[in-house]
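Quick notes on the structure that follows.
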Amino acid sequence: MVFLKLANWVLYQLLANSCYRAARKVMNYGFFIRNQTPRSSSQQQAGSLFPGVAHFDLGNDIRSPRTLVCDIHGVLLRTDTFFPYFMLVAFEGGSILRAFLLLLSCSFLWVLDYELKLRVMIFISFCGLRKRNIESIAMAVLPKFYLENLNLQAYQVWSKTGSRVVFTSIPRVMVQGFLKEYMNVDDVVGTELHTVGNRFTGLLSTSGLLVKHKSLKGYFGDKQPDVGLGSSSHLDHQFISLCKEAYVMDSRNNQSSVMPRDKYPKPLIFHDGRLAFLPTPSATLCMFLWLPFGIVLAIFRILVGICLPYRLVILCGSLSGVQLRFQGCFPSPKSQHKKGVLYVCTHKTLLDPVFLSTALCKPLTAVTYSLSKMSEIIAPIRTVRLTRDRKQDGETMQKLLSEGDLVICPEGTTCREPYLLRFSSLFAELADDIVPVAMNAHVTMFYGTTASGLKWLDPIFFLMNPRPSYHVQILGKVPPEFTCAGGRSSFEVANYIQRKLADALGFECTTLTRRDKYLMLAGDHPSTTSSISGSTPTHLTYMLILGNGLEISTYGDMILKEFSAPLIRPSSEKEDQLESKTSSELLLEIQNGKDQAGQPVEQTSIFSCHFMNKIGCRMVPPVPVKVVHQRGVAELNNLPASITEIESNG
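Sequence positions in the sequence shown follow mature numbering (1 follows the signal peptide of the UniProt record, and there is no 0) and run -16 to -1, 1 to 634.
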C-alpha cells in the first residue's frame, strides 16, 4: 500500500505537474519569441495591484520609526535566481564534485516548481556539511556577492526605516549573518534546516518551507507592519498586502539599481573563498570546461618561472596570458651603506616577490611568516621564514640585507580589497635604503589567496586564471629625511610608506592587522569603520590618559575584550620588560602596583605607536600612557576633536 501511494505521488505530483509546467514554459518562451516587444512600465504598473518602489517618499535624511518587511530574494538582491549562492555553498563548503552535481541538476531544475526546486538545491548543497562550515561561509564568502548584487532602490527604502524584518524562504543560515552584520536587520525569519548532531541532513525542519504571508501573520499578530516591499510575484503580492503601505520592485530597473561601492552599508574589507565571479549556471559551466586547461596552463607557467631566464619568463608568460605591467624606475644597485636594498611591497598574493623579481630581472630574497612546503619548492626565488619574534626576525633580516636585496610585505597578510593593513615597523629599523613598491593583482575566475583553505594551492589557483594580471609600480627610494637615519621613528617611517603606497594605488589605509582579519572572517571582530584612517572610534571600552593629560579612548578591540593576546608591542626601552604582557596581566599589575615577581611598577609606562594605531591614529611618537579604569560607553563623550588634534598634542 505504501509503495502504491509513493508511485501515485511520483506519477501525478511530480511528473504530471512538472510536465505541465514545462509545457507552459515552452509555450511562454515561444510567445516571447513571436512577440518581442516589451510592455511599457505603465502597462506593467497597470497589471500590478501596488505602486512601484519609485513612489516611496524618501523624504529627508532622518530615519522614520516605521517597520519594514521584505524578502532578500528578488527585493534586496538584484539577481533573479538564488542558484549562484547555493553554488557558492556547494563549492566553498563542500567540494568541486558537489558543485558539479548541483550544476548537473540544472538540466531538470527549470521544469520544477519553486518549492521543489528549492528543496533540491538545499539537499545537494547542504547534505552532510558541518554547521560551523556553513556559518563560516555565510560570514566570510557570501557577503561579498550579496553586496555586489544589492539593489540600490530597495536599500534606499531600507535605510529610511527604523525597524526591519526579513521574511524569506531561503535557508536562514545563508542570509542571517550578512543581514545582521552589514544590513543592521532586527530579525530574520527564514526556512530552518534539519540537523543531526553538528551536520545538516539536507532536509527541511518539521516546519517545512517558510510561507511568507503566514509567517508575517504569526510574527506580528494583529499588528500591521508599516511598509512592505515585494517582487512582482503573486505570492509577494499576498505577502505585502498585509502591510499598511506596499511597494513592488521593478526587475527591469535592476541594471540601473547597481549599488556603488562607496554606498555599501559597511565597508567590505575582508572576504574568503576561491571563486572570483558570481557562479551562475552558464558561468559555472564555463569554469568546469576551463578547469582541465587551467591546470595544464598553471603547471606550464610554474615551469616557465622556474626554468627560464627572466627575459624569456616575461615573453612566455605574456604568450600564455599573464599580464605584467611595470611602472617606475629601477633603483640604484649600489648602496652607500654597503647593504642591500629593502623593497617594501603591498601584499596581494604569495607571488608578490616573484613578480617583483621578474619585473626587475634580478634575483631577490623574500621573507614571509608562513609558507607551505609546496610553495617553497615551486618558488623561483629564495624564501626565508620569519618566526614572529621581533629580535630574532630583526637579526635574520639584517643578515639577509648584508647578502643582497630583500623583499618584505609588512602587512603580514593579504587583503583582496582596496585597503592597506597596518604596517609592521620592524623593517624601518633595519635599513635606510627603502624602496616602496605598489603591487596590485587582478583575477577573473579564481582567487590566489585563502584564509580557510589549503595555502599550498594559492599560487596554483592564481595561475589557473585565463588572464591573471599584476601591476608593479616602483615609487623610488624613501628620502633620507623620512628614514630612521633622518631622525624619524620607525613608526613614522612605516606610516609614511603606507600612505605613499595607498596614494599610488588609490587605496585606503587602515589600522587592521592579521589578527583582525581572521577574527572578522570568523564573524567575531571589532568595528571596521573605526579602523579606517580618518574615522572616529565608535565602540568605546577603556579610557587611557596620555602623558600630557590628553584623554583618548579605544574602540572595543578583541585584544582588550579577550584579555588573551599581548596588549601591544611596547617601545624599545620597555620591550624586554613588557613585550609578553597580556592585557589582563598589565591591568592587574597597574592596579596592585606590583608585577608578578613582586617588584613595584610605575603607574605610567611608555607605549609605542602600535597602540596608537589600534585606536586609529597614525604617525604619533611614543607617549606615556596610563590605564585608569574600565568605564561604560555613556561616560566617554569627551573625545578629541580629530586625529590631527591627537597628533599635535602628542
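We put the CB at the ideal spot given by N, CA and C, even for glycine.
Asked	Found
Beta bridge counterpart(s) of ALA422 as assigned by DSSP	GLN457
The region 98 to 116 in contact with the region 73 to 88 per 3-pair CB rule at 8 Å	yes
Three-state secondary structure assigned by DSSP to LEU262	coil
Residue environment, ALA74, which counts as buried when at least 16 other CB atoms sit within 10 Å	buried
Identity of the residue in ILE362, LYS128, VAL462 nearest LEU485 by Cα	VAL462
Nonlocal neighbours in the same chain, by C-beta distance under 6 Å from ASP64, ignoring five residues either side	none
Length-filtered (4 minimum) alpha helix (DSSP H) runs lying within the region 373 to 411	374 to 387
Per DSSP, cross-strand counterpart(s) of ASN135	VAL242
C-alpha gap between GLU176 and VAL159, whole angstroms	12 Å
Reduced DSSP secondary structure (H/G/I, E/B, other) of ALA74	helix
Supposed close pair ASP210, LYS198 - CB separation, criterion 8 Å	ASP210 to LYS198, Cβ: 20 Å. No contact.
DSSP-derived helix/strand/coil call for GLN482	helix
PHE66, DSSP secondary structure in three states	coil
Outcome for LEU438 when other beta-carbon atoms lying within 10 angstroms are tallied against a minimum of 16	exposed
Beta-carbon proximity list for LEU163, same chain, < 8 Å, skipping 5 on both sides	ILE56, VAL150, VAL169, VAL172
Straight-line gap, PHE129 to LEU262 (C-alpha atoms, nearest Å)	7 Å
Cβ pair PRO443, LEU275 closer than 8 Å	no
Residue from MET358, ARG258, GLY78, THR352 whose Cα sits closest to the Cα of ALA435	ARG258
Touch test, the region 325 to 344 against the region 355 to 373, Cβ-Cβ under 8 Å, three pairs minimum	yes
Exposed unless 16 or more other CB atoms sit within 10 angstroms - verdict on GLN311	exposed
Length of the line joining the Cα atoms of ILE392 and LEU459	15 Å
Simplified DSSP assignment, three categories, for residue 658	No statement about residue 658 is possible, as the shown extent of the chain runs from -16 to 634 and does not include it.
Distance, HIS426 Cα to LEU281 Cα	17 Å
Three-state class that DSSP yields for ARG148 in the structure shown	strand
Own chain partners of MET504 with C-beta closer than 6 Å, once the 5 adjacent residues on each side are dropped	PHE254
C-alpha distance - ASP256 paired with GLY112, whole-angstrom precision	21 Å
Integer Cβ distance of LEU134 from LEU200, believed to fall under 8 Å	Not quite, the Cβ-Cβ distance comes to about 23 Å (not below 8 Å), so this is no contact.
Sequence-distant residues of the same chain with beta carbon closer than 7 Å to ASP449, five excluded per side	The amino acid at residue 449 is misidentified as Asp; the sequence shows Asn. Closer than 7 Å at Cβ, skipping near neighbours: VAL427, THR428, MET429, PHE430.
Member of LEU194, VAL195, ASN182, HIS178 whose CA lies at the smallest distance from the CA of LEU188	HIS178
Cα-Cα separation between residue 635 and SER266, rounded to whole angstroms	The question about residue 635 has no answer, for the chain in this structure spans -16 to 634.
Distance, MET71 Cα to THR268 Cα	9 Å
Residue(s) in a DSSP beta bridge with CYS329	VAL421
Inside the region 215 to 241 only - alpha helix (DSSP H) runs reaching at least 4 residues	218 to 224
Buried or exposed (CB count within 10 angstroms, at least 16 for buried), ASN479	buried
Close beta carbons around LEU370, own chain, < 6 Å, minus the five adjacent residues each side	VAL351, TYR353, ASP377
Three CB pairs or more closer than 8 Å across the region 403 to 416 and the region 468 to 478	yes
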